Amino acid sequence: MQKSLFLKLFVLFVTVNMSCFSLNAQKKSTIATDNKITEKVLQEILQQNKHFATQGKVADYIPELGKINADAIALSVVDTNGKVISVGDVSKKFTIQSISKIIALMVAVQENGEEAVFKNMGYFGSDKPFNHFGNLEITGKPLNPMMNAGAILTTSMIKGDGEIAFEKILKMVRFITKNESINYNTAVYQSEKETGHRNRGMFYIMKNSGLITGTEDQLDNYFKQCSIEVTAEDLAKIGYFFANECVRFDGDSTYKNTDLSNLIQSQMLTAGMYEFSGEYARRIGLPSKSGVGGGITVSVPGKMGIGIFSAPLDTHGNSVAGYQMILDFSKKFHLNIFQP
Ligand code: GLN
295 MQKSLFLKLF
305 VLFVTVNMSC
315 FSLNAQKKST
325 IATDNKITEK
335 VLQEILQQNK
345 HFATQGKVAD
355 YIPELGKINA
365 DAIALSVVDT
375 NGKVISVGDV
385 SKKFTIQSIS
395 KIIALMVAVQ
405 ENGEEAVFKN
415 MGYFGSDKPF
425 NHFGNLEITG
435 KPLNPMMNAG
445 AILTTSMIKG
455 DGEIAFEKIL
465 KMVRFITKNE
475 SINYNTAVYQ
485 SEKETGHRNR
495 GMFYIMKNSG
505 LITGTEDQLD
515 NYFKQCSIEV
525 TAEDLAKIGY
535 FFANECVRFD
545 GDSTYKNTDL
555 SNLIQSQMLT
565 AGMYEFSGEY
575 ARRIGLPSKS
585 GVGGGITVSV
595 PGKMGIGIFS
605 APLDTHGNSV
615 AGYQMILDFS
625 KKFHLNIFQP
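The sequence shown begins at 295 in the working numbering and counts up by one.
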């Protein structure tokens, strides 16, 4: 009796394990095919989503930005091995805009330490548009370094007179992308400088309260950093860098810093897409940073980087077709960090 019960149990054990094994094998094999990032897959994602651009509007509050081609669209990925795969208008240059804020934050923290940088601003998530500054009056501090007020303050903390802070930011962008040809667009810079009265207002409010002590050169550096021209591929490399402990896509670990990449990615997740950040985290679940030039840089922690370009924006200032492409890409490759 006992012997046959044992035998039954043994057979049951083997069967259950065998079926688990075959289930695992099945799951693994689909993931393996799914996981192959090819130009063809990226092309499909781009083609399926490019029509969304018609639902957005190219930013023209900085008049020079309004001149960009609304139909240009690009999607670039730096995969886990550092390999770059790009489709669409990959050589199309556009201004980095707010995406420069993560580079400025990196440089400021390297020089001053995180504590000093965040002494005068918060780690708060964004529930307000990027140019909101009401809290400068209420709490006396910018909400976070991803909104304009916080970013202007961040750049002002980078050491050096005149253009030096900007040059450090540019140098870092060139290093991360391994692209020495990157420079800033002087027409966009002039346009920002001439029309950026709201940013100038924030600069002087912070100067009035003693948060900023330097000259208007510091605000100029902010305008210049926003006018740096990049491609979607450059953005994918930036995404990869912060996803991988500040190690470059080709393995160069000069700036390797796990703590810094954690900080930057946490800011991207909670404030990188402005007041849409919460919903974006729910829908996509990846640290991302957008700019009003139509770019989005995405970090897939420990894995890859994604760079997007499509100029028409939604009401929050995020690329409409860009968001849709990231949504499809992250679903297809199961990248949401909150999903097991
Ligand atoms: N240069 C832009 C500004 O200061 C950056 C804003 C953005 O990209 N969201 O208004």
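No residue lacks a Cβ here, since even glycine has one placed at the ideal position from N, Cα and C.
Computed from a prediction, not measured in an experiment: that's the story for all the values here.
In DSSP terms, what residue i is bridged to
{"i": "Val381", "result": "Leu369"}
{"i": "Glu523", "result": "Thr389"}
{"i": "Lys351", "result": "Leu607"}
{"i": "Tyr478", "result": "Ile522"}
Residue i and residue j closer than 8 Å at C-beta
{"i": "Ile458", "j": "Ile522", "result": "no"}
{"i": "Ile331", "j": "Val371", "result": "yes"}
{"i": "Phe535", "j": "Gly599", "result": "yes"}
{"i": "Met400", "j": "Leu447", "result": "no"}
{"i": "Ser392", "j": "Phe418", "result": "no"}
{"i": "Ser571", "j": "Thr564", "result": "yes"}
{"i": "Asn406", "j": "Met466", "result": "no"}
{"i": "Pro606", "j": "Ala398", "result": "no"}
{"i": "Ala530", "j": "Val378", "result": "yes"}
{"i": "Leu505", "j": "Asn429", "result": "no"}
{"i": "Ile532", "j": "Ile578", "result": "no"}
{"i": "Ile362", "j": "Gly382", "result": "no"}
{"i": "Gly456", "j": "Pro436", "result": "no"}
{"i": "Val335", "j": "Leu557", "result": "no"}
{"i": "Glu474", "j": "Arg468", "result": "yes"}
{"i": "Ser547", "j": "Gly566", "result": "no"}
{"i": "Phe427", "j": "Met496", "result": "yes"}
{"i": "Val482", "j": "Leu359", "result": "yes"}
Where the beta strand (DSSP E) containing residue i begins and where it ends
{"i": "Thr591", "result": "Gly589 to Ser593"}
{"i": "Lys583", "result": "Ser582 to Ser584"}
{"i": "Ile600", "result": "Gly599 to Ser604"}
Rounded distance between the beta-carbons of residue j and residue i, thought under 8 Å
{"i": "Ile620", "j": "Ile631", "result": "Not confirmed; about 13 Å, so no contact."}
{"i": "Val592", "j": "Phe346", "result": "The Cβ separation is near 17 Å, so there is no contact."}
{"i": "Asp622", "j": "Asn343", "result": "6 Å"}
{"i": "Ser394", "j": "Cys520", "result": "6 Å"}
{"i": "Gln561", "j": "Met440", "result": "6 Å"}
{"i": "Ser485", "j": "Pro357", "result": "5 Å"}
{"i": "Gly611", "j": "Tyr574", "result": "Not really, about 12 Å apart at Cβ, beyond 8 Å."}
{"i": "Arg542", "j": "Lys625", "result": "28 Å between Cβ atoms; not a contact."}
{"i": "Leu369", "j": "Ile390", "result": "That belief does not hold up - the Cβ atoms of Leu369 and Ile390 are roughly 17 Å apart, past 8 Å."}
{"i": "Asn515", "j": "Thr449", "result": "5 Å"}
{"i": "Ser604", "j": "Gly616", "result": "5 Å"}
{"i": "Arg494", "j": "Leu513", "result": "6 Å"}
{"i": "Ser503", "j": "Gly434", "result": "6 Å"}
Terminal residues of the alpha helix (DSSP H) in which residue i lies
{"i": "Asn612", "result": "Neither: Asn612 is in no alpha helix (DSSP H) and is coded neither H nor E."}
{"i": "Asn442", "result": "Asn442 to Ser450"}
{"i": "His491", "result": "His491 to Asn502"}
{"i": "Ile362", "result": "Unbroken run through Ile362: none, as it is neither H nor E."}
{"i": "Tyr574", "result": "Ser571 to Arg577"}
{"i": "Glu457", "result": "It is not in any alpha helix (DSSP H) - Glu457 carries neither H nor E in the DSSP assignment."}
{"i": "Ile339", "result": "Glu333 to Asn343"}
{"i": "Met415", "result": "From DSSP, Met415 is part of no alpha helix (DSSP H); its letter is neither H nor E."}
{"i": "Val403", "result": "Ser394 to Asn406"}
{"i": "Met567", "result": "Premise fails: Met567 is in no alpha helix (DSSP H) and is neither H nor E."}
{"i": "Asn429", "result": "Gly428 to Ile432"}
Cutoff 8 Å: residue i Cβ touching any chain D Cβ
{"i": "Gly508", "result": "No chain D appears in this structure, which consists of one protein chain only."}
Q. Can at least three beta-carbon pairs, one atom from the region 348 to 359 and one from the region 577 to 589, be found at a separation below 8 Å?
A. yes
**Q.** Validate contact between the region 525 to 543 and the region 380 to 395 using beta carbons, cut 8 Å, 3 pairs
**A.** yes
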